[in-house]
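So the protein sequences, as listed, match chains A and B.
The opening residue of the first sequence carries number 1 in the numbering used here; numbering runs sequentially from there.
The opening residue of the second sequence carries number 1001 in the numbering used here; numbering runs sequentially from there.
Written below as structure tokens is the structure these notes are about.
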Amino acid sequence: MPPTQQTPIDAHTLDAESATWIARLQAGSPGYDTAVEELHALLLKAASFEVRRRAAMFEGLRGGVQEDLAQQSADDALMAILRKLKDFRGDSRFTTWAYKFALLEAAAKVRRRAWQGREVQLEPASWSMIADRMQLPQDDVELREVLGALQRAIEVDLTAHQREVLVAIALNDVPIDVLAARLGSTRGALYKTLHDARRKLRARLAGSGLEIDRYLEAKAK
Amino acid sequence: MNAPTDPDRLIARLVGPSGPEIGCEQCFDQLDRYVELELAGAEADLEVPGMRAHLDGCPACNEDHESLSALLGEKR
Chain A
1 MPPTQQTPID AHTLDAESAT WIARLQAGSP GYDTAVEELH ALLLKAASFE
51 VRRRAAMFEG LRGGVQEDLA QQSADDALMA ILRKLKDFRG DSRFTTWAYK
101 FALLEAAAKV RRRAWQGREV QLEPASWSMI ADRMQLPQDD VELREVLGAL
151 QRAIEVDLTA HQREVLVAIA LNDVPIDVLA ARLGSTRGAL YKTLHDARRK
201 LRARLAGSGL EIDRYLEAKA K
Chain B
1001 MNAPTDPDRL IARLVGPSGP EIGCEQCFDQ LDRYVELELA GAEADLEVPG
1051 MRAHLDGCPA CNEDHESLSA LLGEKR
């Protein structure tokens, strides 16, 4: 992989090990190729760790598939790290900063693999189906009041896009990066949509005189 | 990977966290620092305001947080 030009980072702000990594990964450094190989090996270990952790939750991730996903994750993480090396500020050790790229890639790849070929439900399931699924207690008046207000807010207050995103993520448990890929969006943009939808639900509950945080705290006890 | 069947868990997922929260990009940007602070026993939530609320509200970022904590925990 050809080295990319980076803006030198102030090595005085880094711990010794991180400073060594950054120096070796600079374009033109005599240790560049070896450093890239060593970094890739670290990323592969992190990605393999993540794929193994996630594989237990999904069928169809056999040994060969796991190795492929880990390898692809390490490759993609390495590319991202070399591209973003100038962004490393030394807020953590360099290896901790690097690991998160491998873990993110591996987790996203496992989720996408697990959802390959599965339908992503964007339309709200009927509220009666949800109620049936949850076996609501008949005598919990406040719970029914909260659910009723939420149902109205979802139907009336949200835009169609907000409703799709909220339903997919919060009701149907679709991973946000899987949904982003299906909708041609990004994880950050969808979370903003989810956040805005949640504000509207909270406003509706407050307008109905329901103190949702007090309610949830009381139920958690 | 199942949709919630507990009504209160469902309600919590629908309304999300109550406090101010950062977004997914900021979460990724701060995740390494936050986890190291946690593992060092420092006040991670004071140092990175809005992170805890985001982790409570975003299942994918919460998974990333768990994974980095587990990986660093294993390497200690």
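From the three backbone atoms N, C-alpha and C, an ideal C-beta is built for every residue, glycine too.
When DSSP labels each residue in this structure, what does residue i get in the three-state scheme?
i: Phe-49/A; result: helix
i: Phe-88/A; result: coil
i: Phe-94/A; result: helix
i: Glu-1036/B; result: helix
i: Cys-1061/B; result: helix
i: Lys-221/A; result: coil
i: Gln-26/A; result: coil
i: Met-79/A; result: helix
i: Arg-62/A; result: coil
i: Glu-1021/B; result: coil
i: Gln-6/A; result: Low confidence applies to Gln-6/A: its pLDDT is 47, below 50, so where it sits in the model is not reliable enough to give any reading.
i: Gln-138/A; result: coil
i: Asp-157/A; result: helix
i: Met-1051/B; result: helix
i: Leu-39/A; result: helix
i: Asp-173/A; result: coil
i: Leu-1072/B; result: helix
i: Leu-69/A; result: helix
i: Asp-1029/B; result: helix
i: Glu-17/A; result: helix
i: Leu-216/A; result: helix
i: Ala-108/A; result: helix
For residue i, is the beta carbon positioned less than 6 Å from some heavy atom of the ligand MG?
i: Pro-1020/B; result: Because no ligand of any kind appears in the structure shown, any question about the ligand MG cannot be addressed here.
Just to confirm the assignment, what range does the alpha helix (DSSP H) spanning residue i have?
i: Glu-119/A; result: Premise fails: Glu-119/A is in no alpha helix (DSSP H) and is neither H nor E.
i: Leu-143/A; result: 141-152
i: Pro-1007/B; result: 1007-1015
i: Gly-207/A; result: 187-207
i: Ile-176/A; result: 176-183
i: Glu-1047/B; result: 1044-1047
i: Ala-160/A; result: 160-166
Mind checking residue i: buried by the 16 CB within 10 Å criterion, or exposed?
i: Pro-1049/B; result: exposed
i: Pro-8/A; result: Residue placement at Pro-8/A cannot be trusted, given a pLDDT of 48 that sits under 50; the coordinates are not used to answer.
i: Glu-164/A; result: buried
i: Gly-1019/B; result: exposed
i: Pro-175/A; result: buried
i: Glu-1036/B; result: buried
i: Thr-193/A; result: buried
i: Asp-177/A; result: buried
i: Gly-1073/B; result: exposed
i: Arg-1013/B; result: buried
i: Lys-100/A; result: buried
i: Met-1/A; result: Low confidence applies to Met-1/A: its pLDDT is 49, below 50, so where it sits in the model is not reliable enough to give any reading.
i: Glu-1063/B; result: buried
i: Val-141/A; result: exposed
i: Val-1015/B; result: buried
i: Gln-66/A; result: buried
i: Gly-1057/B; result: buried
With three or more C-beta pairs closer than 8 Å as the rule, is the stretch 66-83 of chain A touching the stretch 98-107 of chain A? Of all C-beta pairs linking the stretch 98-107 of chain A to the stretch 66-83 of chain A, three or more are shorter than 8 Å, placing the two stretches in contact.
Count Cβ pairs between the stretch 185-205 of chain A and the stretch 1011-1028 of chain B that sit closer than 8 Å; are there 3 or more? yes
Under 8 Å: do the stretch 1031-1047 of chain B and the stretch 166-180 of chain A share three or more Cβ pairs, one atom per stretch? No, they do not touch.
Are the stretch 51-65 of chain A and the stretch 76-91 of chain A touching, with three or more C-beta to C-beta distances below 8 Å? no
Taking 8 Å as the threshold, find out whether the stretch 90-102 of chain A comes into contact with the stretch 144-154 of chain A through three or more Cβ pairs. no
For the 8 Å Cβ check, are there 3 or more pairs between the stretch 153-164 of chain A and the stretch 194-201 of chain A? yes
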